[in-house]
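>
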Amino acid sequence: MGDVAKLRVIEGGEVVEDLSAIPRDVLEARLLRIESQNAHLTRELRLAEDEHATDRARIAGLKGQISKWNRQATPDDLVEPILQRWKQACRGPRSSCEIPLDGKRADLVRKTIKRLADADPDPELANPDKDKRAAAVQTAQQRASAAVLEAIEGAAAFPYREKYGKRWPEGGKGRYKANDIPDILKDELTLEKFRHLHDGDEKRRAYAHDLKRRIDTSPQFKLWLASLDPQYGELIARAVRWCQANP
112 MGDVAKLRVI EGGEVVEDLS AIPRDVLEAR LLRIESQNAH LTRELRLAED EHATDRARIA
172 GLKGQISKWN RQATPDDLVE PILQRWKQAC RGPRSSCEIP LDGKRADLVR KTIKRLADAD
232 PDPELANPDK DKRAAAVQTA QQRASAAVLE AIEGAAAFPY REKYGKRWPE GGKGRYKAND
292 IPDILKDELT LEKFRHLHDG DEKRRAYAHD LKRRIDTSPQ FKLWLASLDP QYGELIARAV
352 RWCQANP
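As numbered in our numbering, residues 112 to 358 make up the sequence shown, in order.
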């Protein structure tokens, strides 16, 4: 039976191999093997770091390209007035809030306008004629911008929110201000809620008053409304909500 390598105890109770009995050539071979393994692991680490850096650069480039496409899809002359109106209405004319066209608020406005424009029911958006389709896209973007502006007006009129989502025009116990761009454009439902808080134009108010008058004076009118196609439901609901808030 060969000699077993002697062991020695060092401070801390660790047991290590006593290398004094191992031949020099064996130790050199072991050292070369360790150095080779270390070099291999170092190369693998550098390759992984290079791949990670490349992936990060690729992701950053893709994000930049997406942002560029969004800007091209939604012109700045639609975005800037919305940002300026939000700042004036929700932060005040003396606000020092920064609203750059390459900022997060601007990107959110662009994405919202694009989403609303893409969902616009105008059949001309699918027109094979390039010029007519481009004109329809521009009109749809303008309608989307108008919707966002209406939501901003609603947020300016009712800037305070309570725990369960109810909106208030003034502060109070349990209420906090929540009328930043991300608050307004959080999703489609939130956007519509803010639009409902906005009174709208004179024609809409006149329609709402006329609808309420007809409902009050003609019981049969309710039956007629009930017979309408469901696509008119939201329009009627908006008018009724306005009438309830403005008796």
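Just so you know, even glycine gets a beta-carbon here, dropped at the ideal spot from N, CA and C.
#1: With a threshold of 8 Å, are at least 3 pairs of Cβ atoms found where one atom belongs to the region 186-200 and the other to the region 248-260?
#2: Which partner residues does Trp279 have in the DSSP bridge list?
#3: How would you label Lys198, buried or exposed, when you count the other beta carbons within 10 angstroms and need 16 or more for buried?
#4: Are the CB atoms of Asp233 and Ala251 within a distance shorter than 8 Å?
#5: Roughly how far, in whole angstroms, is the beta-carbon of Ile292 from the beta-carbon of Arg216, given that I think they are within contact range, below 8 Å?
#6: Grab me the residues of Trp274's own chain with a C-beta within less than 8 Å of its C-beta, minus the 5 sequence neighbours each way, in chain order.
#7: Might you give, ordered along the chain, the residues of its own chain that have their beta carbon closer than 6 Å to the beta carbon of Ala247, omitting 5 neighbours on each side?
#8: By DSSP, does Lys222 sit in helix, in strand, or in coil?
#9: From Asp161 to Ser147, what distance separates their C-alpha atoms?
#10: Quick one: Cα of Lys360 to Cα of Gly172, how far?
#11: When the Cα atoms are used, what is the spatial distance from Ser338 to Leu322?
#12: Keeping to the same chain, check which residues put their C-beta closer than 6 Å to that of Arg141; ignore five residues upstream and five downstream.
#13: Distance, Cα to Cα, Arg135 vs Arg144?
#14: Check whether the Cβ atoms of Gly276 and His307 lie closer than 8 Å to each other.
#15: Measuring alpha carbon to alpha carbon, tell me which residue in Ile170, Leu227, Gly214, Cys208 is nearest Asp298.
#16: Can you grab the Cα-Cα spacing for the pair Pro280 / Pro330, in whole Å?
#17: How about Arg135: is its Cβ closer than 7 Å to a heavy atom in the ligand GTP?
#18: Can you give me the start and stop residues for the alpha helix (DSSP H) that Lys198 sits inside?
#19: What residues match up with Lys288 in a beta bridge as DSSP calls it?
#20: Report yes if the CB atom of Leu212 is closer than 8 Å to the CB atom of Asp188, and no otherwise.
#21: Is DSSP giving Asp240 helix, strand or coil here?
#22: The alpha helix (DSSP H) with His307 in it runs from where to where?
On the basis of the coordinates in this document:
#1: Because the criterion of three Cβ pairs below 8 Å is met, the region 186-200 and the region 248-260 touch.
#2: Translated into positions along the sequence shown, residue 279 becomes position 168. For Trp279, which the question treats as bridged, DSSP gives the partners Tyr271.
#3: To locate residue 198, count along the sequence shown from 1; it is residue 87. With 16 or more other Cβ atoms within 10 Å, it is buried.
#4: Against the sequence shown, residue 251 aligns to sequence position 140. Against the sequence shown, residue 233 aligns to sequence position 122. Yes, the pair counts as a contact, with Cβ atoms nearer than the cut-off.
#5: In the sequence shown, residue 292 corresponds to position 181, counting from 1. In the sequence shown, residue 216 corresponds to position 105, counting from 1. About 4 Å; that satisfies the 8 Å criterion.
#6: Position 163 of the sequence shown holds residue 274. This sequence places Lys at residue 274; Trp is not what is there. So the qualifying residues of the chain are Gly285.
#7: The residue you call residue 247 lines up with position 136 of the sequence shown. So the qualifying residues of the chain are Asp233, Glu235, Leu236.
#8: Numbered from 1 along the sequence shown, position 111 holds the residue referred to as residue 222. In this structure, Lys222 counts as helix in the three-state DSSP scheme.
#9: Locating residue 161 in the sequence shown gives position 50, counting from the first residue. Locating residue 147 in the sequence shown gives position 36, counting from the first residue. The alpha-carbon atoms of Asp161 and Ser147 are separated by roughly 21 Å.
#10: Nothing about residue 360 can be reported from this structure: the residues present for the chain run from 112 to 358 only.
#11: Indexing the sequence shown from 1 puts residue 338 at position 227. Indexing the sequence shown from 1 puts residue 322 at position 211. Roughly 15 Å separates the two Cα atoms.
#12: As a first step, residue 141 must be located in the sequence shown, where it is residue number 30. Cβ within range, chain order: n/a, list empty.
#13: Numbered from its first residue, the sequence shown carries residue 135 at position 24. Numbered from its first residue, the sequence shown carries residue 144 at position 33. Cα-Cα distance, rounded: 14 Å.
#14: In the sequence shown, counting from the first residue as 1, residue 276 sits at position 165. In the sequence shown, counting from the first residue as 1, residue 307 sits at position 196. It is not a contact, given that the beta carbons lie outside the stated cut-off.
#15: Residue mapping note: residue 298 aligns to position 187 of the sequence shown, counting from 1. The candidate whose alpha carbon is nearest that of Asp298 is Leu227.
#16: Working through the sequence shown from its first residue, we reach residue 280 at position 169. Working through the sequence shown from its first residue, we reach residue 330 at position 219. One Cα belongs to Pro280, the other to Pro330, and the distance between them is close to 35 Å.
#17: Of the ligands one can find in the structure shown there are none, so the ligand GTP has no counterpart to examine.
#18: Position 87 of the sequence shown holds residue 198. No alpha helix (DSSP H) contains Lys198, which DSSP labels as neither H nor E.
#19: Against the sequence shown, residue 288 aligns to sequence position 177. In DSSP, Lys288 forms a bridge with Tyr271.
#20: On the sequence shown, position 101 is the one that residue 212 refers to. On the sequence shown, position 77 is the one that residue 188 refers to. Contact: no.
#21: Taking the sequence shown and counting its residues from 1, one reaches residue 240 at position 129. Correct three-state label for Asp240: coil.
#22: Within the sequence shown, residue 307 is the residue found at index 196, counting from 1. Its alpha helix (DSSP H) spans residues 299-308.
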